[in-house]
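Report on the structure given below.
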Amino acid sequence: MSQASARHILVDSEEKCAQLKTEIENGADFAEVARANSRCPSGREGGALGSFGRGVMVREFDEVVFSAPVGEVQGPVKTQFGFHLLEVTERQD
6 MSQASARHIL VDSEEKCAQL KTEIENGADF AEVARANSRC PSGREGGALG SFGRGVMVRE
66 FDEVVFSAPV GEVQGPVKTQ FGFHLLEVTE RQD
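Numbered by the numbering used here, the letters in the sequence shown go through residues 6 to 98 in order.
Okay, here's the thing in structure tokens:
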């Protein structure tokens, strides 16, 4: 069974999500941006979600985590919770 580890940042708007992605692409530390901006409790851990299998997260999140290249920031990804930036930190297929 496929397993992945990922981290994310959850915000309320697509615009804020895009702005944070630009900051990270320009050298800001993902974990620090997550701690300062994410409204998910995982933000306190730098956005780390730990390891999980396919089908554990909501569909839109799952699709990105199990298809995106490891180490590349993806998003904005819209789910029922808001807008996410996602980074797959490890995946075993």
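Ideal Cβ placement from N, Cα and C applies to all residues, glycine included.
Relative to residue 36, the option among 8, 15, 56 whose CA is nearest is 15. Taking the Cα positions, residue 90 is about 24 Å away from residue 6. When DSSP reads this structure, residue 39 sits in no beta bridge, so it has no partner. Per DSSP, residue 73 lies in no alpha helix (DSSP H) segment and is marked neither H nor E. Residue 58 is not a Cβ neighbour of residue 92, given a cutoff of 9 Å.
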